[in-house]
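K.L.:
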Amino acid sequence: MAKPRVFVSHSSNSCDCAGNRCGDYRDAVVELVRDCGCVPVHDGHLLDVGDDWHAKVMAELLGCEGAAIVLSPHALKSPNVMEEALVAIALHEATGGRFRVMVVTLPSTSRRDLKGSLLERLNLRRFDMADWKRDAGPGRPPQRLRNLLEPLAEEYGALPFPRVTEFIAELIKGLAPPVLLETAQLLKVAAPTSMKEHLRYVVSAGLLSERPVEGLGAECALREALGRFLYLLTERERRQEIVDVVVPFARVPTAAARQLHALVEASRPQGRVALLSAQWPATADMYVRRASEMPTRWVMHKPVALSGARFTEELVEDIAGFLSDKLCHGMPCGAEDLRRVMARHEKEKGPITIVLHLQPDPELLRTLVAEFPGLLFVFVHSRLGPGEAATAATHLQSMPLGQEQDMLMTHHDFSG
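In this note's numbering, the protein residues as written are 4 to 419.
1. Taking Pro180 as part of the alpha helix (DSSP H), name the residues at either end of that continuous run.
2. Is Phe102 buried or exposed, if buried means 16 or more other CB atoms sit within 10 Å of its CB?
3. Is it the case that the Cβ atoms of Thr257 and Glu213 are separated by a distance below 7 Å?
4. Less than 7 Å between the beta carbons of Thr112 and Leu74, yes or no?
5. Check whether the Cβ atoms of Ala172 and Arg203 lie closer than 7 Å to each other.
6. Please classify Pro76: does DSSP put it in a helix, a strand, or coil?
7. At which residue ranges does the stretch 122 to 163 contain complete alpha helix (DSSP H) runs of 4 or more residues, listed in the order of the chain?
8. Let me make sure I understand the geometry here. Which of Ala281, Phe325, Cys336 has the alpha-carbon closest to that of Leu404?
9. Pull up the distance between the alpha-carbon of Leu50 and that of Val60, whole angstroms please.
10. Which two residues bound the contiguous alpha helix (DSSP H) that contains Ser120?
11. Give the range of the alpha helix (DSSP H) segment to which Arg226 is assigned.
12. Does the pairing of the stretch 294 to 309 with the stretch 322 to 334 give three or more beta-carbon distances under 8 Å?
13. Could you spell out the range, first to last residue, of the alpha helix (DSSP H) harbouring Ser12?
14. To the nearest whole angstrom, what separates the beta carbons of Ser12 and Glu68, a pair I think is in contact under 8 Å?
15. Decide if the stretch 376 to 387 is in contact with the stretch 237 to 254; the criterion is three or more beta carbon pairs, one per stretch, under 8 Å apart.
16. Excluding five sequence neighbours on each side, which residues of the same chain lie with their C-beta closer than 7 Å to the C-beta of Lys176?
17. Quick check on Gly230: buried or exposed, where buried means 16 or more other Cβ atoms within 10 Å of its Cβ?
18. Suppose contacts are defined by Cβ-Cβ distances below 7 Å. Is Thr413 in contact with Val291 by that definition?
19. Mind checking who Met303 pairs with in its DSSP beta bridge?
20. Who pairs with Pro43 in a beta bridge, going by DSSP?
21. Return the CA-CA distance between His398 and Val276, expressed in angstroms with no decimal places.
22. To the nearest angstrom, report how far apart Cys1 and Ala156 are at their CA atoms.
23. Does Ala208 come out as helix, strand or coil in the three-state DSSP assignment?
24. Considering Cα atoms alone, identify which of Ala93, Ala269, Val107 is closest to Val438.
25. Are the beta-carbon atoms of Ala228 and Leu190 separated by less than 7 Å?
26. Given a threshold of 16 other Cβ atoms within 10 Å of its Cβ, counted over all protein chains shown, does Pro180 qualify as buried or as exposed?
27. Applying the criterion that 16 or more other CB atoms from any shown protein chain within 10 Å of the CB defines a buried residue, is Pro365 buried or exposed?
28. Taking all protein chains shown into account, do 16 or more other C-beta atoms lie within 10 angstroms of the C-beta of Met105, making it buried, or fewer, making it exposed?
29. In chain order, what residues of the same chain have a beta carbon less than 6 Å from the beta carbon of Ala253, not counting five sequence neighbours either side?
30. Am I right that Leu109 and Thr168 are in contact with their C-beta atoms under 8 Å? What's the rounded C-beta distance?
31. Pro82: buried (16+ other C-beta within 10 angstroms of its C-beta) or exposed?
32. Short of 7 Å in beta carbon distance, which residues of its chain neighbour Glu374, apart from the five on each side in sequence? Order them along the chain.
33. In terms of DSSP beta bridges, what is Leu371 paired with?
34. I need the DSSP call for Gly333, collapsed to helix, strand or coil.
35. DSSP state of Ser280, grouped into three classes?
36. Taking 7 Å as the threshold (C-beta atoms), are Leu219 and Gln400 in contact?
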């Protein structure tokens, strides 16, 4: 996952900083930038003996999304800090404020010290400022600076679903910047123009945002965005991977995904059982895909339709056969071995999910949970009535009929 880069402008190797531990405070700023999910950039890591300071530092600044200007006693009269701050301000103005300028006063300086300094005419006080308390050591950076850095990381890099965001960003890597910018506008997400590498991540996050429609046939920013860029990708498989991921992320309620996560994480004697009221069987696929939150969907099995006196026994046999084939690859696997293999699989790839298109009854639930306590069962039916079985399970947030139908139609429209 690409992260926003923050340039740390400082001057802390001068005799003016002797006794003030300015170097320690600079290192603390660098560490805080990293801890907040950004990539710190400063001249100590950039320059080698004989390097052209101006060319190298300016090139790095132009590739950043923000700058933290650290005001030490020497920085207040440093031509280098002055030049770095000028470039940072120019980037801030050229990007309409998207390039963040943050000013940090160390305990050895104050805002008042700007008056009469070389930096006075830059009017740095108009930017976000974080004052390091005089009684705080390097290990206690100002909370204000953290509060400024974390939103930047969230906007550019620390995205809600990092693995899926990375996956989609890789799939759209071949799109030209103008196409990505237009797609971002259609999705109504702010697009960083200062660094092209981040643009596809922001577009990816926009594609993965929840976007419920008012009803069947209503306007949809996701559909407009897909129509703009999808068919510029020549590989059919790549297009299908995008559609399979972004449609459920845009349409399935986030609350339902959280319900499934809570069900998986909880230790429940009644097992992991979810009920989904839906009109079409394919809706369950969308719910599982949305809850997976990884490039590949949780392993899912839909037992064949069964009926008759041996319904429960045949269902158990079907599921057991699936587990043997999927996890043990047909090799002998005892009950305890299977339990360990299932636990490892869940840790690596998520829970194995069994989707059943029927109304559960108490006896069936007890049998399935007893036989397969580590599985996630999702029962899907258009009419899930009250009853003992229903009260022992988690009712997933359902979708209005028009929204459900539009989700499936959108998936079909952009598939193939």
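Think of the CB as a built atom: it goes at the ideal place given N, C-alpha and C, for glycine as much as any other residue. All of these numbers come straight from a predicted model, not from anything done at the bench.
P.N.:
On the basis of the data shown:
1. 180 to 190 is the extent of the alpha helix (DSSP H) around Pro180.
2. With a threshold of 16 other beta carbon atoms within 10 Å, Phe102 meets it and is buried.
3. Contact: yes.
4. Closer than 7 Å, so yes.
5. The Cβ-Cβ distance between Ala172 and Arg203 falls below 7 Å.
6. The answer is coil: DSSP assigns Pro76 none of H, G, I, E or B.
7. Along the stretch 122 to 163, the alpha helix (DSSP H) occurs as fully enclosed runs of 4 or more residues at 146 to 159, listed in sequence order.
8. Residue Ala281 is the option with its Cα nearest to Leu404.
9. For Leu50, the predicted model reports a pLDDT of 48, less than 50, meaning its position is unreliable; a value from the coordinates is still stated below. The straight-line gap from Cα to Cα measures roughly 8 Å.
10. Ser120 -> no alpha helix (DSSP H), and no H or E assigned at all.
11. Taken as a continuous stretch (DSSP letters only), the alpha helix (DSSP H) holding Arg226 covers 224 to 232.
12. The stretch 294 to 309 makes contact with the stretch 322 to 334: 3 or more CB pairs, one atom from each, lie closer than 8 Å.
13. Per DSSP, Ser12 lies in no alpha helix (DSSP H); the unbroken beta strand (DSSP E) holding it starts and ends at 8 to 12.
14. Rounded to whole angstroms, the Cβ separation of Ser12 and Glu68 is 14 Å, and the two are not in contact under 8 Å.
15. The stretch 376 to 387 vs the stretch 237 to 254: no contact.
16. Result list for Lys176: Arg203, in chain order.
17. When all chains shown are included, Gly230 counts as exposed.
18. No, the Cβ-Cβ distance between Thr413 and Val291 is not below 7 Å.
19. Partner(s): Thr356.
20. In the DSSP secondary-structure assignment, Pro43 is bridged to Val9.
21. About 9 Å.
22. The question about residue 1 has no answer, for the chain in this structure spans 4 to 419.
23. Ala208: helix per DSSP, three-state reduction.
24. The chain is shown from 4 up to 419; residue 438 falls before or after that span and cannot be answered.
25. Using a Cβ distance threshold of 7 Å, Ala228 and Leu190 count as a contacting pair.
26. With fewer than 16 other Cβ atoms within 10 Å, it is exposed.
27. Under this definition Pro365 is an exposed residue.
28. Label assigned to Met105: buried.
29. For Ala253, where only same-chain residues beyond five positions count, the Cβ hits under 6 Å are Arg214, Leu225.
30. Leu109 to Thr168, Cβ: 36 Å. No contact.
31. Flag for Pro82 reads exposed.
32. Same-chain partners within the cutoff: Val319.
33. Bridge partners of Leu371 according to DSSP: none are assigned.
34. In the three-state reduction of the DSSP assignment, Gly333 falls in the coil class, being assigned neither a helical nor a strand state.
35. In the structure shown, Ser280 sits in a strand (DSSP, three-state: E or B).
36. No; because the gap between Cβ atoms is not below 7 Å, this pair is not in contact.
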